[in-house]
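Visitor:
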Amino acid sequence: MKFKKRRGVGMQQLHQEPHWKTLYIWGSICLAIFIFFQILPSTSSFFSSESKPIIKEKAAEQKAADFVREQFNADVHSASTVYMADRDLYGYLAKEKLTKDFDKQYSSQFPTETYQVNVRSHIPPESKQRSIFVHVNMESGEIVGWNAIPEGALSPWTRADSEAADLAARSFLQERGFRGEELKLMPVPSQDGSLVYQAAGYTLGDAKLFLHIDAALGESQSVLITRYKPQFQPPEGYVSYVEKQDQIAGLLTLTGYIGMSVVLFILAIIYAILYRRHTSFARGWLLAVIFFLFYTVNNINMMDGVEATLGEIENAAQMAWLGTIVTTFIMGIMAVSVYISLVAGDGLWRGMGRNLWPRWGESGYGDHVWTSMKTGYWIAFIFLGLQTLIFLFLEMGTGAWATTDVSQSPINFAYPWLFPILAWCAAISEEAIYRLFGIAVFKRWFRSTYAAVIIPTIVWALGHVAYPIYPWTTRLVELTLLGLLFCFVMLRYGFIAALFAHAVIDLVLMAVSLVFMGSAENMAAAVFYILHPIALAWLIRYLHNKRKPRPGGVTAPHEAIQ
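With this note's numbering applied, the sequence shown covers 7 to 568.
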């Protein structure tokens, strides 16, 4: 990519023209791979006759409220719903290829995914409200579990003695279809003191069904079932393996990603000052503000997801708010890091004679943005296809598998159609810190392009190893390879092309999630998110070409032009 100064013209004209035919061919092939291996399998199951629509959250709340009134004679004040999933079981079934078998045999009674309804109510003679958590089958609306004494709450009842609790529990379980001879009381109760039964014959692979029951003395000394939680537990070997993987991923994220990101932030401050004559501190603030505003909206939008990760806790909603405030503060610091990285990265590259991020005032800026957008789309298609192939190879070679994360599920977003704005947050922050600045600073140190791209790419990849994909090396390998593609795009076509490519990739993936949620609103939003970068680039080109050029004045130093 070369920038040439035209004689008699104060601005620089960017000359950049990708090999379109090559991009079209590889982009089309990779897009077809993505659609064939990622979209079509999900589409077939989504539209299959066996696929059942999920009930609305309001319907789940109504069923849960009715249950609480009947079961506990409680006065219901309000109800709120989050999507909940059994992370361990979900992952085990995926790893062992048992998901379809589980759905056929057990999902109606013991679903891996439920609505967790927090029914705020009070139980006479209590005066203050309490949380009663009720789990509702997302397809049938059946009540499949509950907990009237969540963590952090005092019980309004007296716990029944072990013998009375055992008799009541067995009677209750027989009413739910279990035979007495199937139930084996485990010698050691669970950590919360509830009774635990193993249901003989209810197995899949090495996963076994355990029933957690708690009983208390209600009115007239009758025994009341205050907790019922059926749960298929994966084998201990799987659980301990996942825990170890999470520990390693957490350590790598803390040291390799967060630690190095702090170091890069400090370096960005230093180099922004040192190279200030090559750049301007007026650059980058708009992208940093967009990053912060979009992330703040996303944090508020996903509070239900944060609440879901806390589980059955009395003050889960308040803790979710506190977590959101803390996260927003951290994102404010991150926004400053993005801004400084943009300034420092621009200064470093111009100081080395490269103009990878043209300015608004430079000649050809609007056309450059338009070309970068088109390049970004085709690179995104290539990325999606390569990502699909890499994961397929890793799945076959290492047995890689994924589980669910309730904090990131669109179902737990207040407005799912807002979810894809996070794509721009990821694109802006990661391309600014780990590409524009990260590559520049290591290029400045080592003079080697290879060393300059591999170090920040690995740091960037380490920021994704804590995702629920196992083993943790899966994402490290996948994103190190694909991160090098982002580096190539920025060095070959510029920062804006890399920004569009990154955003389009995430926008497509998030839009697909919206489509499979159903509803006309979500589908319309999905189309908008996939296509709006085109409108954005067109608007920038239109406004830039319409402006009157400022007389004289070269916005970039002459030595920055190749």
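Yeah, the Cβ is synthetic: ideal placement off N, Cα and C, and Gly gets one too.
Remember, it's a predicted structure, so these values are computed and weren't measured experimentally.
1) Within 10 Å of its beta-carbon, does H538 have 16 or more other beta-carbons around it, so buried, or fewer, so exposed?
2) How far does the beta strand (DSSP E) with I138 in it reach, from first residue to last?
3) Alpha carbons only, please: which of A350, N305, I336 is nearest the one belonging to L280?
4) Do you know how far the Cα of Y345 is from the Cα of H284?
5) Spatial neighbours of S435 within its chain, please: CB distance less than 7 Å, with the 5 preceding and 5 following residues excluded, ordered by chain position.
6) Looking only at its own chain, which residues have a Cβ that is under 6 Å from the Cβ of I61, when we skip the five neighbours before and after it?
7) Should the region 213-221 be called in touch with the region 231-247, which here means at least 3 C-beta pairs below 8 Å?
8) Count the CB pairs spanning the region 168-186 and the region 197-208 that are closer than 8 Å, and state whether there are at least three.
9) Starting from the N-terminal side, write out each stretch of the alpha helix (DSSP H) that is 4 residues or longer and does not extend beyond the region 31-109.
10) Comparing C-alpha positions only, which one of A326, T404, R185, A531 sits nearest to P208?
11) Is it buried or exposed for M192, if we count other Cβ within 10 angstroms and need 16 for buried?
12) When you compare only the Cα positions, how much space is there between T105 and P117?
13) Under three-state DSSP, which class holds T120?
14) State the DSSP-derived secondary structure class of L362, mapped to helix, strand or coil.
15) I'd like to check one pair, A70 with V123: are the Cβ atoms closer than 8 Å?
16) With burial defined as no fewer than 16 other Cβ atoms inside 10 Å of the residue's Cβ, what is the status of M309: buried or exposed?
17) Rank M523, V194, I39, V140 by C-alpha distance to the C-alpha of I231 and give the top, closest one.
18) Between the C-alpha atoms of T578 and Y301, what's the straight-line distance to the nearest angstrom?
19) Drop a sphere of 10 angstroms on the beta-carbon of V295, count the other beta-carbons inside from all chains shown, and report buried for 16 or more, exposed for fewer.
20) Applying the criterion that 16 or more other CB atoms from any shown protein chain within 10 Å of the CB defines a buried residue, is Q180 buried or exposed?
21) Does DSSP put S286 in a helix, a strand or coil?
22) Would you kindly work out how many angstroms separate the C-alpha atoms of G329 and S137, rounded to a whole number?
23) Looking at the secondary structure, which residues open and close the beta strand (DSSP E) in which G317 lies?
24) From Q135 to Y121, what distance separates their C-alpha atoms?
25) Could you tell me the boundaries of the alpha helix (DSSP H) in which Q180 lies?
26) So, at 6 Å on beta carbons, what are the nonlocal neighbours of L485 in its own chain, with the 5 sequence-adjacent residues on each side left out?
27) Among residues of its own chain, excluding the 5 on either side of H420, which ones have a beta-carbon nearer than 6 Å to its beta-carbon?
28) How long is the line joining the alpha carbons of L392 and V514, rounded to whole angstroms?
29) Rounded C-beta distance between I511 and A386? I'm assuming under 8 Å.
30) What separation, rounded to the nearest whole angstrom, lies between the Cα atoms of A323 and V125?
31) If you draw a straight line from the alpha carbon of G262 to that of R481, how long is it in whole angstroms?
32) Any idea what DSSP makes of R453, helix, strand or coil?
33) Looking at I536 and C493, is the spacing between their C-beta atoms short of 8 Å?
34) Between the Cα of E119 and the Cα atoms of W291, R441, I39, A314, which residue gives the shortest distance?
35) Between which two residues does the alpha helix (DSSP H) harbouring F393 extend?
36) Quick one: grab the DSSP three-state call for E23.
Guide: Short version:
1) So H538 ends up on the exposed side.
2) 136-143
3) A350
4) If I take the Cα positions, the gap works out to 16 Å.
5) F297, M340, V344
6) G147
7) yes
8) yes
9) 46-52, 63-78, 93-101
10) A small correction: the amino acid at residue 208 is Tyr; Pro does not occupy that position in the sequence shown. Ranking the options by Cα distance to Y208, first place goes to R185.
11) exposed
12) So the alpha carbons of these two residues sit roughly 11 Å apart.
13) In this structure, T120 counts as strand in the three-state DSSP scheme.
14) L362: coil per DSSP, three-state reduction.
15) yes
16) buried
17) Comparing Cα positions, the closest option is V140.
18) Given a span of 7 to 568 for the chain in the structure shown, any question on residue 578 remains unanswerable.
19) In this structure V295 is exposed. Its beta-carbon is surrounded by fewer than 16 other beta-carbon atoms within 10 angstroms.
20) exposed
21) coil
22) 20 Å
23) Per DSSP, G317 belongs to no beta strand (DSSP E) and is neither H nor E.
24) 21 Å
25) 168-181
26) A467, H470
27) Here residue 420 turns out to be Ala, not His, going by the sequence shown. Cβ within range, chain order: N307.
28) 15 Å
29) 5 Å
30) 12 Å
31) 14 Å
32) coil
33) No, they are not a contact pair.
34) A314
35) Checking the displayed sequence, the identity of residue 393 turns out to be Gln instead of Phe. Its alpha helix (DSSP H) spans residues 371-404.
36) The answer is coil: DSSP assigns E23 none of H, G, I, E or B.
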